[in-house]
Every structure is written in C-alpha cells, then in structure tokens.
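What follows is a set of notes on a single structure, which appears directly below.
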Amino acid sequence: MDFRFRSYVSATGSLSPPVGCDHVCRLEERVRDMKLNSVSIEIIEKLKKGRTREAPEFQFLSTLQRDLQSFGRDDVCLLRAGGVLSFLWSPKYNRSASDQLRDAVARARLVEHRAALEEYEVRDHDRFSRAFSIDTDEIKPTFVECGDDQQLISLFEYYTRTQSISSNVARGRFARFLVFDDGVTGRPLMAIIGLSSPIYFNGARDRLLGWGPVGRRQDGNWVSDPAAKAIRDTGLLCISHITIAAAVPPYDQLRIAKLISALCFSPEVIGFVERKYGQPIAGLTTTGGWGTNAAPYQRIGLGLHEDGQARELFKEMKPSSPSLNRSWEFFSDELLEQAHEIHRIRSEDSSEPLNAFREDETVRKELLAWALAHVGLPKKAVYVNQIGHFVGTRTDQAIRYLGNVQTEAVPKTRTIPVEDALSWWRTKTDRTVLRDVRPEKLSDRAA
Numbered sequence: 028m029d030f031r032f033r034s035y036v037s038a039t040g041s042l043s044p045p046v047g048c049d050h051v052c053r054l055e056e057r058v059r060d061m062k063l064n065s066v067s068i069e070i071i072e073k074l075k076k077g078r079t080r081e082a083p084e085f086q087f088l089s090t091l092q093r094d095l096q097s098f099g100r101d102d103v104c105l106l107r108a109g110g111v112l113s114f115l116w117s118p119k120y121n122r123s124a125s126d127q128l129r130d131a132v133a134r135a136r137l138v139e140h141r142a143a144l145e146e147y148e149v150r151d152h153d154r155f156s157r158a159f160s161i162d163t164d165e166i167k168p169t170f171v172e173c174g175d176d177q178q179l180i181s182l183f184e185y186y187t188r189t190q191s192i193s194s195n196v197a198r199g200r201f202a203r204f205l206v207f208d209d210g211v212t213g214r215p216l217m218a219i220i221g222l223s224s225p226i227y228f229n230g231a232r233d234r235l236l237g238w239g240p241v242g243r244r245q246d247g248n249w250v251s252d253p254a255a256k257a258i259r260d261t262g263l264l265c266i267s268h269i270t271i272a273a274a275v276p277p278y279d280q281l282r283i284a285k286l287i288s289a290l291c292f293s294p295e296v297i298g299f300v301e302r303k304y305g306q307p308i309a310g311l312t313t314t315g316g317w318g319t320n321a322a323p324y325q326r327i328g329l330g331l332h333e334d335g336q337a338r339e340l341f342k343e344m345k346p347s348s349p350s351l352n353r354s355w356e357f358f359s360d361e362l363l364e365q366a367h368e369i370h371r372i373r374s375e376d377s378s379e380p381l382n383a384f385r386e387d388e389t390v391r392k393e394l395l396a397w398a399l400a401h402v403g404l405p406k407k408a409v410y411v412n413q414i415g416h417f418v419g420t421r422t423d424q425a426i427r428y429l430g431n432v433q434t435e436a437v438p439k440t441r442t443i444p445v446e447d448a449l450s451w452w453r454t455k456t457d458r459t460v461l462r463d464v465r466p467e468k469l470s471d472r473a474a
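Residue numbers (the working numbering): 28 to 474.
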C-alpha cells in the first residue's frame with residue numbers, strides 16, 4: 028500500500044509546505060496496518076495579512092465522502108490532523124450497493140422515461156384497469172417469445188424500465204419472453220425474461236471454465252492461439268446471458284425472483300433458443316450490477332451433482348480482481364458544483380467549457396475526473412461496489428462440456444421443467460393470496 032502526500036497549489040500560486048508531518052507519519056503507520064489506501068492534502072490556505080481559511084478541497088472531499096457513504100461505501104472515511112486531511116478507503120470495496128442508491132437510481136430511470144411510460148399506459152389502458160386475484164399455489168407460467176411482434180416488444184420494453192441498471196437485450200443471439208400466468212383469468216403478465224449473447228471476454232467466467240487467452244505478445248507482435256480461440260468460440264455458442272429476469276407488478280410483491288431465475292432454464296426458454304440458433308445451451312451467465320450478493324440467483328437448489336444430489340443452480344464466479352460498478356452518474360449536484368468552483372480557482376484552463384455539467388453527462392464526467400486527479404484520488408477509489416458474476420448450469424457435466432465443447436459430450440439434462448421449478452419455489456415460500464389487485468403503472472413510481 029502506497030501512502031501518498033499531496034500538497035496543492037494555494038491561491039497565491041505557490042506550493043504550501045506540508046504541515047502536521049508527525050501526525051501524517053503516525054497516520055501512515057495506522058493506515059498500513061488496516062490495509063487501507065489513502066490520499067492526503069493540505070486544507071489550510073494562507074491569505075494576506077497572516078489570515079488563513081479552509082481550502083475548497085476540504086468541502087469537496089467531505090461531500091465526496093457523504094455521497095459514497097450514501098451509496099453504501101462504509102469503508103470511506105476522512106481523518107484530519109492539523110491542517111492535513113486524509114481520505115481513506117478500502118481496496119476491497121463493498122460487496123453490495125446501498126438500498127438507498129438502488130432505489131434512487133431506479134426512480135431516476137423511471138423519471139427519465141416517464142413520457143414514454145405514460146404514452147404506453149394510455150395506449151394499453153385495459154391492462155392497468157382490470158382487477159384480478161393471485162394465489163401462489165395456482166400460478167401457472169406460460170411463455171410467449173416476442174419475435175417481431177411490435178405490440179409484444181412494446182410490452183416487454185415497457186417493463187424493462189423496472190430494471191435500475193439498463194442493459195441491451197437485443198444483442199447477438201437474443202430472445203425476449205413474456206411470462207403470463209395461466210392460473211388467473213385473463214392471463215396477466217407476471218414476468219419478463221431476456222437472453223442475449225455473452226460477452227467475448229469475461230475473466231471470472233473464463234477462469235471457471237478453463238478458457239485460456241486467445242493469443243500472446245511475443246517480441247512486440249501478437250501471436251494468436253487458434254486452438255484456444257476455437258474452444259472459446261464454440262463454447263460461447265452454448266451459453267446465453269440473462270440480461271433481464273424480472274417479475275412485474277403486482278407479482279413483484281410475491282418474493283418470486285428466484286422462481287423467475289429458475290424459469291430461465293425452462294424447456295420453453297432454453298428450447299426456443301436452441302431451435303432458433305441451432306446450438307445446445309448448456310449454461311446461463313448473468314451479472315449482479317449492484318453487488319455480489321445477488322439474491323435472485325443464490326440458494327436455488329435445482330442444480331444436480333453427478334450422483335444426483337441437489338446443488339445450487341447458479342455459482343458465483345470469482346474474478347482475479349474485483350469488477351467494479353462505476354458511480355460517475357450518481358454523484359450529487361453539490362459535489363459537481365464544488366468541483367467546478369475548484370477548477371475555476373485552481374486551473375489555468377478556462378472553466379467555461381465545463382459550465383454545462385448539470386445538463387451534459389459527458390461534461391459532468393470530465394469535470395469529476397479532473398477534480399479527482401486534482402486531489403490525487405484514482406478513479407477506482409470512488410466506485411460503488413463489486414459486481415457479481417454468476418454462471419448457472421443444470422448439471423456438473425455442463426461445466427465440463429463448456430470447458431471444451433469440442434471434446435466433451437453434450438449434457439442430456441439442460442433444462443428444468445416448469446412444474447419442478449414451481450414445486451421447489453413453493454417449498455421455500457409461504458402461500459400468499461393477493462385479492463383484487465391491478466398492475467401498477469410504472470409512471471406512478473416516477474411521481
């Protein structure tokens with residue numbers, strides 16, 4: 028761990044000498060013991076006639092700490108020793124973002140798309156006006172793939188707004204499913220499922236499956252490895268990525284997330300993708316953007332060991348270094364205003380091009396990046412949380428198969444019958460009955 032001391036340029040243009048060096052040296056020892064990273068700056072400015080004042084960087088770091096703590100970053104702290112302020116953080120980061128941040132981001136996304144939501148709600152008025160009752164013992168999922176039907180696609184896209192982190196469903200080999208409940212008169216929509224092609228490189232997945240690099244640098248030149256590339260290319264054809272698997276109102280009141288995750292392995296979903304693209308689907312990957320504790324994919328006991336014993340359906344994949352959820356768009360306007368003021372005072376460049384930071388996301392990120400560099404903080408210090416990576420397979424054989432599709436036999440058991448998923452879920456969830464409920468309009472959540 029490198030403990031860095033950084034003096035900033037004072038308003039007069041001269042470098043202020045470090046103060047409180049004994050405090051900083053003792054702090055350095057404590058920080059090393061706690062395995063924290065840190066940056067220290069001088070926060071007392073010398074003015075004319077011997078007067079002093081707190082530098083604007085002090086308020087910036089204080090607001091930064093407050094914002095990060097509201098995100099769930101409880102590892103971040105500020106320590107002041109005389110005129111020196113130290114910003115400390117853990118390189119391990121939080122495993123999950125705070126509920127406060129997740130709720131705020133989800134609402135902000137609904138607000139952003141409110142006009143489109145209201146337009147759809149007017150067009151499909153009957154969907155939101157019909158009342159019905161739900162009994163979890165009577166739920167009967169049925170699946171409709173959207174295909175090129177614009178009405179079905181519009182319904183699917185409407186409910187993708189429930190996902191706080193947006194994702195591109197129509198990517199590569201994709202499929203979009205509407206899951207209706209045949210156990211209720213009128214067949215209300217209960218969930219949506221979207222699958223797409225997995226990304227080509229994912230360190231956590233590649234480590235688990237034993238996929239090596241597709242080439243290497245040798246004497247300044249790139250030397251490809253055709254065998255490794257072939258293993259990866261064929262393996263990727265047998266994996267789909269869950270871009271969204273979400274219950275829709277009012278079914279999202281029923282603790283149904285794990286059931287929806289299990290239904291991604293239904294013969295109706297897997298079978299459709301296999302028929303459409305002509306490849307066996309042996310595994311599903313997904314990510315937990317808000318943390319490694321992604322409850323919808325954990326403790327689903329529908330996987331099978333070689334001996335037939337149950338195991339968890341999804342396994343968390345461990346990257347060699349944490350994947351991090353960036354927080355650039357989540358910071359408060361107050362923090363950006365303070366960054367803008369510091370730029371105006373400290374930078375030799377004009378601050379006028381940065382005046383649009385309130386409206387322009389690109390300018391906002393540019394300003395924040397400048398302010399972090401100014402106080403000596405690396406970008407990674409202000410990320411929100413670790414991202415969870417998960418792979419789901421029905422059997423242990425499927426993992427071996429994906430490791431080398433060219434030599435291993437295709438696993439015969441790749442899916443989970445809907446009734447099996449329902450039976451398992453009902454043993455883990457108390458029966459619930461909702462009477463005379465209607466689908467909530469998403470625009471109401473944006474109010």
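Note that the Cβ used here is the ideal one computed from N, Cα and C, for glycine as well.
| Asked | Found |
| --- | --- |
| CB leucine 205 to CB leucine 182, shorter than 8 Å? | yes |
| Would you mind sorting arginine 200 into buried or exposed? The rule is 16 or more other CB atoms within 10 Å of its CB. | buried |
| In terms of alpha-carbon separation, which member of Ala218, Ala448 and Met344 lies closest to proline 276? | Ala218 |
| Tell me, to the nearest whole angstrom, how far the beta carbon of arginine 441 is from that of proline 307; I am working on the premise that it is less than 8 Å. | 6 Å |
| Are valine 402 and isoleucine 70 closer than 8 Å when you measure CB to CB? | no |
| I need the straight-line Cα distance from glycine 330 to aspartate 447, nearest angstrom please. | 11 Å |
| Can you check whether the CB of serine 354 is closer than 8 Å to the CB of phenylalanine 98? | yes |
| Does the count of Cβ pairs from the region 454 to 470 and the region 274 to 291 closer than 8 Å reach three? | yes |
| To which residues of the same chain is alanine 473 closer than 6 Å at the C-beta, ignoring the five residues directly before and after it? | Leu137, Val138 and Arg141 |
| Once you ignore the five residues that flank glycine 237 on each side, which residues in its own chain have a CB closer than 6 Å to its CB? | Gly430 |
| Taking the DSSP output, what are the residues bridged to proline 168? | Asp208 |
| Below 8 Å, how does it come out for the region 347 to 363 and the region 407 to 419: are there three or more Cβ pairs, yes or no? | yes |
| Any idea if glutamine 178 is buried or exposed, counting beta-carbon neighbours within 10 angstroms, 16 or more meaning buried? | exposed |
| For cysteine 104, which residues does DSSP report across the bridge? | Leu115 |
| Among residues of its own chain, excluding the 5 on either side of alanine 255, which ones have a beta-carbon nearer than 6 Å to its beta-carbon? | Gly239 and Val241 |
| If you check the beta carbons only, do phenylalanine 357 and valine 103 fall under 8 Å apart? | no |
| Taking the alpha carbon of lysine 62 as the reference point, which residue from Tyr120, Gly77 and Arg107 has its own alpha carbon closest? | Tyr120 |
| Cα separation between glutamate 184 and leucine 286? | 21 Å |
| Quick one: grab the DSSP three-state call for phenylalanine 98. | helix |
| Given 8 Å as the limit, is there contact between the region 356 to 376 and the region 390 to 410, that is, 3 or more CB pairs closer than that? | yes |
| Applying the criterion that 16 or more other CB atoms from any shown protein chain within 10 Å of the CB defines a buried residue, is glutamate 84 buried or exposed? | buried |
| Could you tell me the alpha carbon to alpha carbon distance between arginine 465 and aspartate 126, rounded to whole angstroms? | 26 Å |
| Per the contact definition of three or more C-beta pairs closer than 8 Å, is the region 260 to 273 in contact with the region 285 to 303? | yes |
| Quick check: the Cα distance between threonine 212 and leucine 128, rounded to an integer number of angstroms? | 37 Å |
| Let's test the definition: count the other Cβ atoms within 10 Å of the Cβ of alanine 124 and tell me whether it reaches 16, buried, or not, exposed. | buried |
| Cβ of leucine 311 within 8 Å of Cβ of isoleucine 327? | no |
| Three-state secondary structure (DSSP) at valine 250? | strand |
| Taking Cβ to Cβ, would you say leucine 290 is nearer than 8 Å to proline 438? | no |
| Kindly list the residues whose CB is nearer than 7 Å to the CB of alanine 322, restricted to its own chain and excluding five residues on each side of it in sequence; keep chain order. | Ala284 |
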